[in-house]
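One point on numbering: in our numbering, the residue at position 101 of the sequence shown is 128, and numbering is uninterrupted.
Glycine included, each C-beta is placed from N, C-alpha and C at the ideal position.
Bear in mind that the values here come from a model prediction, so they are computed numbers and not experimental data.
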Amino acid sequence: MQKKHKPSSDQIRPIAQKRFKLLEDDVRKTVEAVNELEREIINYDNIISSKAITIPATEKEKQPTTIPLTAAQVRGYRLKRRNAKLKLRKAKNEKKDAGIEFSKACTHNGEFIQQQSRNFSAKLQKESKARTEKDERKKKIVDIVSNLLKENDNRVLSLTESVTDGRSFRKEMDKLLSNVDPETFATISGLSEVKTEIYGDVRNLLKEDDQENTSDNNSEINS
């Protein structure tokens, strides 16, 4: 009776590589889907809170355009946010299932796959850490401006005056942050996209504050 030979590591490797690649793609797709939906929900939150949408600058329009929304349009965005949250729940379940399948395959495909798994997990953790750090920086910067507003600090005056001009606002934000918190400013100074996102949130905060002040003033006049 002829003995069955176990496949050598050289024979297993191409199969393991192909299997790993397919599973890695599945995990990556689900991670990207979750991240995209989370960003979408944050965008809806900003639109709903500011009751306006901002159209980015183009070659024709040098500055971003802010368009106020009607109450009906705001309700429409609330519905979109609700649907996005339902999709996010489903996407998170798919991400979890893909991770389980990935772990099972790694367990049964030897040291090569396990090493690939460790590398891939480290990569995902690094990406997740980068997102967390960005969110923490955003919260810190928004809190700085919010506290200065509450204290009626003169340093925020030029910032509020430039809120309608994107380019001037960016310069004033750079100036303010570099004076108030140079350490945090240093962490975003070379990250154009991150600065754009964070400064956009600060502009929304200032616009909301201005709208509230206008509303309060009108109430006082009418009373």
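If you pair each beta-carbon of the segment 113 to 125 with each one of the segment 54 to 61, do three or more pairs fall below 8 Å?
yes
Under 8 Å, do residue 172 and residue 232 count as touching if we go by C-beta distance?
yes
Could you give the first and the last residue of the continuous beta strand (DSSP E) run that contains residue 95?
92 to 95
Measure the CB-CB distance between residue 228 and residue 190 and report whether it falls below 8 Å.
No, the pair does not count as a contact, with Cβ atoms beyond the cut-off.
Can you tell which of 144, 186, 161 and 142 has the C-alpha that lies nearest to the C-alpha of residue 213?
161
Which residue marks the beginning of the alpha helix (DSSP H) containing residue 211, and which one marks its end?
Start and end: 209 to 215.
State the CB to CB distance for the pair residue 118 and residue 68, rounded to an integer number of angstroms; the pair is presumed to be in contact (CB under 8 Å).
Residue 118 to residue 68, Cβ: 11 Å. No contact.
Note the first and the last residue of the continuous beta strand (DSSP E) segment covering residue 81.
79 to 82
For residue 205, collect the residues of the same chain with a Cβ closer than 6 Å to its Cβ; drop the 5 residues on either side in sequence, then sort them by chain order.
Residues 212 of the same chain have their beta carbon placed closer than 6 Å to that of residue 205, with the five preceding and five following residues left out of the count.
Specify the secondary structure class of residue 218 as computed by DSSP and reduced to three states.
coil
Taking its Cβ as the centre, do 16 or more other Cβ atoms sit within 10 Å of residue 45, making it buried, or is it exposed?
exposed
Which listed residue (129, 201, 94 and 154) has its alpha carbon closest to that of residue 77
94
Residue 107 to residue 100, Cα distance in whole Å?
11 Å
Comparing C-alpha positions only, which one of 82, 97 and 98 sits nearest to residue 91?
82
Between the alpha carbons of residue 97 and residue 74, how many angstroms are there, rounded?
12 Å
Out of 146, 187 and 62, point me to the one whose CA is closest to residue 176's CA.
187
Using 8 Å as the threshold, is the C-beta distance between residue 215 and residue 158 below it?
no
Please determine, among 201, 144 and 234, the residue with the shortest C-alpha to C-alpha distance to residue 221.
201
Would you grab the beta carbon distance between residue 54 and residue 126 for me? Rounded to a whole angstrom, and I think it's under 8 Å.
Confirmed, Cβ separation roughly 6 Å.
Inter-residue spacing [alpha-carbon to alpha-carbon] between residue 62 and residue 180
36 Å
Cα-Cα separation between residue 153 and residue 147, rounded to whole angstroms:
Separation of residue 153 and residue 147 (C-alpha to C-alpha, rounded to the nearest whole angstrom) is 10 Å.
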